[in-house]
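**Student:** Okay, handing you the structure first.
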Amino acid sequence: MRFLMMQKPTDTAPDEKLFAEMAAFVEELTAAGVLLATGGLESGGIRMSSQGDEITVTDGPFAEAKEAAAGFALIEVGSKEEAIELGRRFRKIVGDGESTIQQVFG
Amino acid sequence: MPDSARPDVRRTIEAVWKLESARIVGGLARLVHDVGLAEELAQDALVAALEQWPAAGVPDNPGAWLTTVARRRAVDHIRRAQTATAQTATAQTAAAGTLALEEEQDDVLRLLFVCCHPALERDARIALTLRLVAGLANAEIARAFLVDEPRVARRIAAAKQILAAEGAGFTRPGTASTAGRLSSVLEVLYLIFNEGYSATAGEDLIRADLCREALRLGRMLAELVPGEAEVHGLVALMELQASRAAARIGPTGELVLLHEQNRGRWDRLLIRRGFAALLRARETSSPPGPYVLQAAIAVCHAQAPTAEATDWHRIAKLYDALVRLLPTPVVQLNRAVAIGMAYGPEFGLTEADALQSIPALRDYYLLPAVRGDLLSRLGRPAAARREFERALLLTQNRAEQEFLHRRATEMAGQNKSPAAADAAAAVDAEAAATAETLGEAAAAFLAKGGLDPATLRSYRQTFTRLRRALGDSLLIDELTADVVATVCTTAWGSAAPRTWNRHRATIRSFGVWCGRPEIATELIRRAEKASPPGGGLPAAGLSGADLTAPWADSRHPLRERVFWLLLHESAAPVSTVLALNVEDLDLDDRRARVGGRWVTWRAATARLVPDLIAGRASGPLFLTARRPAPDAPADRCPHTGRARLSYERAEYLFKRATGHTLKQLRTAAR
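Protein chains in written order, with the working numbering: chain D, 1 to 106; chain H, 1 to 670.
In structure tokens, the structure reads:
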């Protein structure tokens, strides 16, 4: 099963220490053979919506930036519990904040 | 696991175990020098978790918790077992805290090497790897390989015993054998992958999960030994094959061939990972090995936007290179397919036809399936249909059976439609309307009556082989002496003269019965040696068919075959045969003097003994992989330093191979 782990942005700017820890975490996931892809996401980005024939393109930043994702990891594991266990390790590294784990179908 | 554990905690424990077991067991094995014991200690920790976590809650760092508890047990064990200062020192350092990442990774690598020890059989290596490295439970392994759980448990227990007996301990193989061991690890991973890949939609998901486990272990291994091109090659191959997993099963569970797959359903992420892994293999600048070449072939398919755009010339060239390194029948068959695609079906058919006399491909369904495909492309639907039907008889896989049935039916349809039939097909069709087929004739022949049960059984064996090799719908009129001779030589060419003559006699009387006596003309009668008085199996002490010449089965190691054969032919006591030294052997007179008596043997043993001696001039004839005790110089091979095979070990190996005791074999020989 594949799971997408997404990290929401925090108020505090990430420091050197966090970057180093994140790199170690990514290395560990790679060595464990479960990490398929990972990356950071620009804040805001571009928002698109459509209504009838009309498509609206809006550049960020947006007011509700907290709800967006700041980074992701796509992992392949055998069960939801394994994904949660990996999420637990991740949360320990990044400190206070919030992330989501969603199963990827197809 | 105890029922007291709440399901969610239990599942968390299972998840932690899967992620951590290799590291935990590997670390323990380094302490106690025995993987079997290491695994038991780790299991103790797992049981402790199951008892404590439901009440106390899941600890902050569950992996570390399990490691600490397991280590504590290991230290207790070492203290109990040994009071030697060195061991206590080990115990203290062991208990002391965390390990560097490199050390942990080294443990995992060594664990993989031990699980794929050459003393273990293939199935044992697979089971042990899945259990100790991938952290699967016996029940999961049993479900994945469609066997029952006690059998897996027995297999794993036996494997641990063998490792202990071989003194495998937990040492990393020397540099000389590392390469060989690594290829054994790669083989095991690829076997696990393929077991999962061949699972069909209707089956237990755990089977398909084997692909994920193999990929996980492969990616893990690639980080452990980043300089090994073949490891990256295998990972690339698995990623690329896995990328097609969804597209190769159709909506009703049927198998979809590569060139018919919807390429939009291929997993681009895995394809990209496959490309990346192959690039890493190339960066090592080693000459391409078998896995790298197979991955390169998979890349050719992945790069083609449509089936028609596939670069078959390049694939055929890669197969040319692969067949030189890995001249297995299956690779040769794939090469024939590639040549058929690159240069035309007639060239492919020539290659495929040349493979028909290879015994290993005798019952391999893909050979007739490939020939069927090539024949259909050459516009010979009747012959193609026959091949698809033959293939159908040879596979047990439901999806593949359905696919072959579909192809056979298509061919039958083409046969009837005059528009689709060219000259060759028309001839085929016309003949089909009037003449009798091999299947019908064989059934009628067997049903003709007047045959006693033993003869009937013997006749059936002959026909089963003929029908499998030629297909039920082959017309009797098309049966030629050449074809019959090829089938018989492939099937029984190396069998005893008596067996050969028995099948020959069946075919002769069948030929006469159906008015085609000439079909047996190429089968030459073979001289039968007079059997030794009272000799031959089965005999007293053996329960008949259970033990038919185990030494004739070339899947057994040479040492075992020579040993059994020598026991059988000489009827000498087991301990006498084990005591034989190379310098005692008189190869010309087929005898040896040992312990005041002569041991003599016959032609079959004499044929194999030189291979076993392999240039040695003295020392024990039958060796183990172990070194002997220092006080037993007579049991030490001066060439290799290895020890004489023991009675216990010899008995164990024979029992495992045949279910009988050596004494029974020896009594039978008299």
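In this text, a Cβ means the ideal position worked out from N, Cα and C, and glycines have one as well.
None of these values were measured; they are calculated from a predicted model.
Within the same chain, show all residues whose beta-carbon is closer than 7 angstroms to that of V152/H, passing over the 5 residues directly before and after it, in chain order.
**Tutor:** Reading the second sequence from its first residue, position 152 is the one you call residue 152/H. These residues qualify, in order along the chain: A127, N138, I141 and A142.
**Student:** Run through the region 458-487 of chain H for me and flag every whole beta strand (DSSP E) of 3 or more residues, listed as ranges in chain order.
**Tutor:** Taking only runs of at least 3 residues, no beta strand (DSSP E) segment lies wholly in the region 458-487 of chain H.
**Student:** Write down every uninterrupted run of the beta strand (DSSP E) in the region 36-82 of chain D whose length is 3 residues or greater and which is fully enclosed by it, in chain order.
**Tutor:** Qualifying beta strand (DSSP E) stretches, in chain order: 46-51, 54-59 and 71-76.
**Student:** List the endpoints of the continuous alpha helix (DSSP H) containing V104/D.
**Tutor:** Here residue 104/D refers to the residue found at position 104 when the first sequence is read from its first residue. It is not in any alpha helix (DSSP H) - V104/D instead sits in the beta strand (DSSP E) that spans S99 to V104.
**Student:** Does DSSP put M238/H in a helix, in a strand, or in coil?
**Tutor:** Sequence index remark: in the second sequence, residue 238/H carries index 238 (1-based). Reduced to three states, the DSSP call for M238/H is helix.
**Student:** To the nearest angstrom, how far is the alpha carbon of R561/H from that of Y190/H?
**Tutor:** Reading the second sequence from its first residue, position 561 is the one you call residue 561/H. Reading the second sequence from its first residue, position 190 is the one you call residue 190/H. Using only the alpha carbons, I get a separation of about 29 angstroms.
**Student:** On a CA-only basis, which of W65/H, D472/H and G253/H is nearest F403/H? Give me that one, please.
**Tutor:** For the purposes of this step, residue 403/H is taken as the residue at position 403 of the second sequence. Among W65/H, D472/H and G253/H, the Cα nearest to that of F403/H belongs to G253/H.
**Student:** Counting contacts by CB-CB distance shorter than 8 angstroms, is R212/H in contact with chain D?
**Tutor:** Position 212 of the second sequence, counting from 1, holds the residue named residue 212/H. Yes, because at least one Cβ of chain D sits closer than 8 angstroms to the Cβ of R212/H.
**Student:** Between the region 388-396 of chain H and the region 360-370 of chain H, are three or more C-beta pairs nearer than 8 angstroms?
**Tutor:** Yes, they touch.
**Student:** Can you name the residues of chain H whose CB is closer than 7 angstroms to the CB of V34/D?
**Tutor:** Mapped onto the first sequence, residue 34/D falls at position 34. Chain H residues near V34/D: R216.
**Student:** Please tell me whether M33/D and L665/H are closer than 8 angstroms, where the distance is taken between their beta carbons.
**Tutor:** The count along the first sequence starts at 1 and reaches residue 33/D at position 33. The count along the second sequence starts at 1 and reaches residue 665/H at position 665. According to the sequence provided, residue 33/D is Gly. The question's Met does not apply to it. No, the pair does not count as a contact, with Cβ atoms beyond the cut-off.
**Student:** Quick one, which residues of the region 53-80 of chain D are near chain H if we go by CB-CB under 7 angstroms, in chain order?
**Tutor:** So the close ones are E76, G78 and S79.
**Student:** Can you list, in chain order, the residues of its chain with a C-beta nearer than 6 angstroms to that of L322/H? Leave out the 5 residues immediately preceding and following it.
**Tutor:** One-based indexing of the second sequence puts residue 322/H at position 322. Taken in chain order, the residues that qualify are L293 and V331.
**Student:** Between which residues of its own chain and A408/H is the CB-CB distance below 6 angstroms, once the five residues before and five after are set aside?
**Tutor:** Against the second sequence, residue 408/H aligns to sequence position 408. Closer than 6 angstroms at Cβ, skipping near neighbours: R385, F388 and E389.
**Student:** With which residues is F3/D paired in a DSSP beta bridge?
**Tutor:** The count along the first sequence starts at 1 and reaches residue 3/D at position 3. DSSP output for F3/D lists I75/D and Q103/D as bridge partner(s).
**Student:** In whole angstroms, what is the alpha-carbon distance linking T12/H and E82/D?
**Tutor:** Counting from 1 along the second sequence, the entry for residue 12/H is found at position 12. Counting from 1 along the first sequence, the entry for residue 82/D is found at position 82. Their backbone Cα atoms lie some 7 angstroms apart in a straight line.
**Student:** Is the shortest distance between the beta-carbon of R219/H and the beta-carbons of chain D less than 8 angstroms?
**Tutor:** As a position in the second sequence, residue 219/H is number 219, starting the count at 1. At least one chain D Cβ lies under 8 angstroms of R219/H.
**Student:** Where does the unbroken beta strand (DSSP E) through V582/H begin, and where does it stop?
**Tutor:** Counting from one through the second sequence, the residue named residue 582/H turns up at place 582. Premise fails: V582/H is in no beta strand (DSSP E) and is neither H nor E.
**Student:** Once DSSP output is grouped into helix, strand and coil, what is the label at P368/H?
**Tutor:** For the purposes of this step, residue 368/H is taken as residue 368 along the second sequence, with counting starting at 1. The answer is helix: DSSP assigns P368/H an H, G or I state.
**Student:** Hey, does D209/H have any beta-carbon neighbour from chain D nearer than 8 angstroms?
**Tutor:** As a position in the second sequence, residue 209/H is number 209, starting the count at 1. Cβ-Cβ to chain D under 8 angstroms: yes for D209/H.
**Student:** Between E651/H and R559/H, what straight-line distance do the alpha-carbon atoms span, to the nearest angstrom?
**Tutor:** For the purposes of this step, residue 651/H is identified with residue 651 of the second sequence, where counting begins at 1. For the purposes of this step, residue 559/H is identified with residue 559 of the second sequence, where counting begins at 1. Going from the Cα of E651/H to the Cα of R559/H covers about 13 angstroms.
**Student:** Take D631/H as the anchor and find which of A643/H, F622/H and N334/H has the nearest alpha-carbon.
**Tutor:** In the second sequence, counting from the first residue as 1, residue 631/H sits at position 631. Closest by alpha carbon: A643/H.
**Student:** Nearest to L349/H by CA position, among A606/H, N334/H and A360/H, is which residue?
**Tutor:** Locating residue 349/H in the second sequence gives position 349, where the first residue counts as 1. Checking every option, the nearest Cα to that of L349/H belongs to N334/H.
**Student:** At least one CB of chain D closer than 8 angstroms to the CB of D44/H: is that the case?
**Tutor:** As a working note, residue 44/H is residue 44 in the second sequence. No, D44/H lies away from the interface with chain D (no Cβ there is under 8 angstroms from its Cβ).
**Student:** Chain H partners of T30/D, CB-CB under 7 angstroms?
**Tutor:** Against the first sequence, residue 30/D aligns to sequence position 30. Per Cβ cutoff of 7 angstroms: E223.
**Student:** Quick check: what's the CA-CA separation for L375/H versus P345/H?
**Tutor:** By one-based count along the second sequence, residue 375/H stands at place 375. By one-based count along the second sequence, residue 345/H stands at place 345. Those two C-alpha atoms are separated by around 8 angstroms.
**Student:** Can you find at least 3 beta carbon pairs, one from the region 101-108 of chain H and one from the region 60-80 of chain H, that sit closer than 8 angstroms?
**Tutor:** No, the region 101-108 of chain H is not in contact with the region 60-80 of chain H.
**Student:** Alpha carbons only, please: which of L621/H, Q261/H, E436/H and A505/H is nearest the one belonging to L456/H?
**Tutor:** Position 456 of the second sequence, counted from the start, is the residue given in the question as residue 456/H. For the residues L621/H, Q261/H, E436/H and A505/H, the minimum Cα distance to L456/H belongs to A505/H.
**Student:** Going by DSSP, name the residue or residues bridged to L255/H.
**Tutor:** Within the second sequence, the letter at position 255 stands for residue 255/H. BP columns for L255/H point to I249/H.
**Student:** Could you check which residue in L578/H, A158/H, W601/H and R72/H has the C-alpha nearest to that of D588/H?
**Tutor:** The residue labelled residue 588/H in the question sits at position 588 within the second sequence. It is W601/H.
**Student:** Identify every run of the beta strand (DSSP E) within the region 127-201 of chain H, keeping only runs that are complete inside it and at least 3 residues long; order them along the chain.
**Tutor:** Counting whole runs of 3 or more residues, the region 127-201 of chain H contains no beta strand (DSSP E) stretch at all.
**Student:** If you count every other CB in all the chains shown that lies within 10 Å of the CB of H259/H, and 16 or more means buried, which is it?
**Tutor:** Here residue 259/H refers to the residue found at position 259 when the second sequence is read from its first residue. Per the 10 Å Cβ criterion, exposed.
**Student:** Determine the chain D residues that contact E14/H at a beta-carbon separation under 8 angstroms, and present them in chain order.
**Tutor:** Residue numbering aside, residue 14/H sits at position 14 when the second sequence is read from its first letter. Correct list: S79 and E81.
**Student:** Less than 8 angstroms between the CB atoms is what I'm expecting for V35/H and L136/H, so what's the real figure, rounded?
**Tutor:** The residue labelled residue 35/H in the question sits at position 35 within the second sequence. The residue labelled residue 136/H in the question sits at position 136 within the second sequence. Their Cβ separation, rounded to whole angstroms, is 16 angstroms, which puts V35/H and L136/H out of contact at 8 angstroms.
**Student:** If I measure Cβ to Cβ from R219/H and keep anything under 7 angstroms in the same chain, skipping five residues before and after, which residues do I get?
**Tutor:** Locating residue 219/H in the second sequence gives position 219, counting from the first residue. Taken in chain order, the residues that qualify are V235.
**Student:** Can you check whether the C-beta of A37/D is within less than 8 angstroms of a C-beta belonging to chain H?
**Tutor:** For this step, residue 37/D is matched to residue 37 along the first sequence. With 8 angstroms as the cut-off, A37/D counts as an interface residue toward chain H.
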